[in-house]
Amino acid sequence: MLTNVRSDRVRSVRSLSRRSVRERTGRFVVDGPQGVREAIRYAGSSIDDLYVTTAALERHADLVDAARAASIRVHETDDAVLEAMSDTESPQGLLAVVASRPVTLDDVLASGPRLLVLLSNVRDPGNAGTVIRGADAFGADAVLVTDGSVDVLAPKVVRSTVGSIFHLPVVAGLDVVATLDALATAGIRTFAADGVGQTLLPDVDTSTPHAWVMGNEAWGLPAEIRDRCTDVVRVPISERVESLNLAMAATVCLAASSGATRRP
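Just so we're aligned, residue 0 is where the sequence shown starts under numbering that gives the first Met the number 0, counting upward by one.
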């Protein structure tokens, strides 16, 4: 039983809330039963340690058994220790430390993707995580994230994916111009989702490989990025509504693509 909130182990885990530490160690935190469950199922060999409170040990016995079956080190803690490790006000009793598994754009393109999402300067953790979850739900092959965006391994982003971050490749730290050029070379059309678009979403041909390009929450996509895309697409909405939230717009676009591109 871990009970010392000032121990080096607790400080080490809590330090993973900082991007610099995650980048230096190649580790990140997964908080909550659903995220931990998916981490065990899809990335068990990458989990260093699982920390679980006494109450959660009883409530999620099947999950803990699965972790032990995968040879993951399980540490029982009291509530105070888990709270000290987590960056949430109300942790759910389970927290895993996971080694990141970097994937490159070349890796993604080599797999022959049919549906991608490119996030350019997306800063909000909840939006980024929700887009990753939506991409997973609608059969995208990968999510691409530019170097001006939020860190996809930040605790709030990982929680927002609810485990989807372990289901599909997420490539981070990309240059947006170089990425658009690489997609064009690979024969993948790029659709800039933006309110200034003249093409309406229902009119877009999603039957061939394509990528949805989503911009910053506040200012969208700059003209120079829109001009590099195959087309600029607008989601038709009621005149009473000014605009859609980024994650909502991405979900609508992905849903429109899903019928022609859903993975088996």
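We treat Cβ as the ideally placed atom computed from N, Cα and C, and that holds for glycine.
Burial state of residue i, where buried means 16 or more other Cβ atoms lie within 10 Å
{"i": "G258", "result": "exposed"}
{"i": "M0", "result": "exposed"}
{"i": "D105", "result": "exposed"}
{"i": "A83", "result": "buried"}
{"i": "W218", "result": "exposed"}
{"i": "R10", "result": "exposed"}
{"i": "T52", "result": "buried"}
{"i": "N126", "result": "buried"}
{"i": "T160", "result": "buried"}
{"i": "V130", "result": "buried"}
{"i": "P101", "result": "exposed"}
{"i": "R225", "result": "buried"}
{"i": "R5", "result": "exposed"}
{"i": "G31", "result": "buried"}
{"i": "P112", "result": "buried"}
{"i": "T250", "result": "buried"}
{"i": "T103", "result": "exposed"}
{"i": "G25", "result": "exposed"}
{"i": "R23", "result": "exposed"}
{"i": "D193", "result": "buried"}
{"i": "R158", "result": "buried"}
{"i": "R36", "result": "buried"}
Residue i to residue j span [Cα, whole Å]
{"i": "F137", "j": "L117", "result": "15 Å"}
{"i": "T207", "j": "E241", "result": "31 Å"}
{"i": "R233", "j": "L179", "result": "19 Å"}
{"i": "G133", "j": "S163", "result": "9 Å"}
{"i": "A95", "j": "S14", "result": "14 Å"}
{"i": "A210", "j": "V107", "result": "12 Å"}
{"i": "L56", "j": "D78", "result": "12 Å"}
{"i": "R21", "j": "V29", "result": "12 Å"}
{"i": "A69", "j": "S44", "result": "7 Å"}
{"i": "A109", "j": "R18", "result": "29 Å"}
{"i": "T145", "j": "V176", "result": "10 Å"}
{"i": "L167", "j": "R40", "result": "13 Å"}
{"i": "F190", "j": "D48", "result": "41 Å"}
{"i": "C228", "j": "N215", "result": "16 Å"}
{"i": "L62", "j": "N244", "result": "35 Å"}
{"i": "V142", "j": "P154", "result": "18 Å"}
{"i": "R261", "j": "T2", "result": "Residue confidence is low: R261 scores 49 on pLDDT, short of 50, so the model does not pin down where it sits. Its coordinate-derived value is still stated next. Roughly 47 Å separates the two Cα atoms."}
{"i": "L253", "j": "A139", "result": "8 Å"}
{"i": "D202", "j": "A248", "result": "16 Å"}
{"i": "E223", "j": "M213", "result": "14 Å"}
Reduced DSSP secondary structure (H/G/I, E/B, other) of residue i
{"i": "L94", "result": "strand"}
{"i": "A171", "result": "strand"}
{"i": "M213", "result": "strand"}
{"i": "I46", "result": "strand"}
{"i": "D7", "result": "helix"}
{"i": "P263", "result": "Reliability of the predicted coordinates at P263 is poor, the pLDDT of 46 falling under 50, and the value obtained from them is presented with this limitation in mind. Here P263 sits in coil by DSSP."}
{"i": "G34", "result": "helix"}
{"i": "T87", "result": "coil"}
{"i": "V251", "result": "helix"}
{"i": "L243", "result": "coil"}
{"i": "R26", "result": "strand"}
{"i": "T53", "result": "helix"}
{"i": "M0", "result": "coil"}
{"i": "R100", "result": "coil"}
{"i": "D77", "result": "coil"}
{"i": "R113", "result": "coil"}
{"i": "R17", "result": "coil"}
{"i": "V231", "result": "strand"}
The ligand PLP heavy atom lying under 7 Å from the CB of residue i
{"i": "D77", "result": "The ligand PLP is absent from the structure shown, which contains no ligands of any kind."}
Within-8 Å CB hit, residue i to chain D
{"i": "V116", "result": "Of the protein chains in the structure, only one exists, and it is not chain D."}
(message) For the stretch 70-79 against the stretch 193-206, do three or more pairs of beta-carbon atoms, one drawn from each stretch, fall closer than 8 Å, so that the two count as touching?
(response) no
(request) Would you be able to state if there are at least three C-beta pairs under 8 Å between the stretch 84-94 and the stretch 183-196? (result) no
(request) Only counting runs of 3 or more residues, tell me where the beta strand (DSSP E) segments fall wholly within the stretch 119-206, in order along the chain. (result) Those beta strand (DSSP E) runs which fall completely within the stretch 119-206 and span 3+ residues are 141-145, 169-173, 188-192.
(request) Tell me, please, whether the stretch 164-174 touches the stretch 148-156 by the rule of three or more beta-carbon pairs shorter than 8 Å. (result) yes
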